[in-house]
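In the UniProt record's numbering, the protein residues as written are 1 to 308.
Ideal Cβ placement from N, Cα and C applies to all residues, glycine included.
Here the structure comes first, spelled out in structure tokens, and everything after it is commentary.
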């Protein structure tokens, strides 16, 4: 296992460099004036443009710019905005909030989604199965901003159960409803995926053999059926954490959450390329590390999988 983890970590290096270079090139190498609108309606003074061009190495080729930026990242420096604010500071304030929101959303997707999938997958067709299928189809079809707006109005404005806007501290309790909104679509997909996987594996030969050997139903389900059926679910959930963090812009906007979604949105509007590249680089790291964790969990769930 140790050699496999080391080999996978080495494989992540070219993937990280390739993805971050594409992001950096798309942000800084696109045609257009990177300083447009920085000085209001008037064009920026030549002295300001020359200073910013020198500061951000914009006269160098893109590949040289990228490796200079990569050297800064390896030192823990994600650069500064045009206003001189360190991107590290912006990320340190916003990233933990979005991470908590994504964790709450992932918890809803895992607990409710897997629970509903197991319930319907083991019981087979019937009223509960049809109810879960209709509910998941409804959640998948309903856009996140509609779900968020409805819950905000009903639970916040009409019933007063929650505050319509999340405070700047964004405590775990305040993020329950926004987390449910963010994870509602993922929850529906997890329920359907779990149900389908269980129903397929129920007819597998190893399950029939376990039943024929006289094993207890709980052991057949827990040890043999469920562990193998959860492999595609774990794969989905592992990559979904990064997707939830990157796709939280709408949810954060509805509930006024000061996370990285709103930070990226403002950075795009103001053409703060350094901020966008820094946040996306962190999201790439989350994706890569979660993929590695998922691969390691395969061996735990399925004893037939071994890494040398």
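Cβ-based burial, residue i [other Cβ within 10 Å; buried from 16]
i: residue 28; result: buried
i: residue 124; result: exposed
i: residue 54; result: exposed
i: residue 228; result: buried
i: residue 154; result: exposed
i: residue 278; result: buried
i: residue 134; result: exposed
i: residue 51; result: exposed
i: residue 171; result: exposed
i: residue 216; result: exposed
i: residue 293; result: exposed
i: residue 94; result: buried
i: residue 210; result: buried
i: residue 221; result: buried
i: residue 180; result: buried
i: residue 369; result: An answer regarding residue 369 cannot be provided, because it is not within the stretch 1 to 308 covered by the chain.
i: residue 47; result: exposed
i: residue 162; result: buried
i: residue 130; result: exposed
i: residue 267; result: buried
i: residue 5; result: exposed
Terminal residues of the alpha helix (DSSP H) in which residue i lies
i: residue 117; result: 87 to 123
i: residue 192; result: 176 to 201
i: residue 256; result: Run containing residue 256: none; DSSP gives neither H nor E here.
i: residue 225; result: Careful: residue 225 lies outside any alpha helix (DSSP H) and carries neither H nor E.
i: residue 246; result: 231 to 246
i: residue 134; result: 127 to 141
i: residue 150; result: 144 to 151
i: residue 211; result: 205 to 212
Whether residue i touches residue j by CB criterion (8 Å)
i: residue 243; j: residue 259; result: no
i: residue 178; j: residue 190; result: no
i: residue 109; j: residue 186; result: yes
i: residue 91; j: residue 282; result: yes
i: residue 274; j: residue 81; result: yes
i: residue 145; j: residue 62; result: no
i: residue 276; j: residue 264; result: yes
i: residue 101; j: residue 182; result: yes
i: residue 254; j: residue 188; result: no
i: residue 66; j: residue 24; result: yes
i: residue 152; j: residue 164; result: yes
i: residue 98; j: residue 245; result: yes
i: residue 106; j: residue 241; result: yes
i: residue 8; j: residue 295; result: yes
i: residue 272; j: residue 262; result: no
i: residue 207; j: residue 225; result: yes
i: residue 72; j: residue 79; result: yes
i: residue 10; j: residue 288; result: no
- Message: In chain order, what are the residue ranges of uninterrupted alpha helix (DSSP H) at least 4 long that sit wholly in the region 7 to 88?
- Response: Every unbroken stretch of the alpha helix (DSSP H) spanning 4 or more residues and falling wholly within the region 7 to 88 is given here in chain order: 46 to 55, 62 to 74.
- Message: Does the structure place the region 236 to 243 close enough to the region 147 to 161 that three or more beta carbon pairs sit under 8 Å?
- Response: No: the two stretches stay apart, fewer than three of their Cβ pairs being nearer than 8 Å.
- Do three or more CB pairs link the region 187 to 203 to the region 111 to 130 at distances below 8 Å? With the cut-off at 8 Å, the region 187 to 203 and the region 111 to 130 touch.
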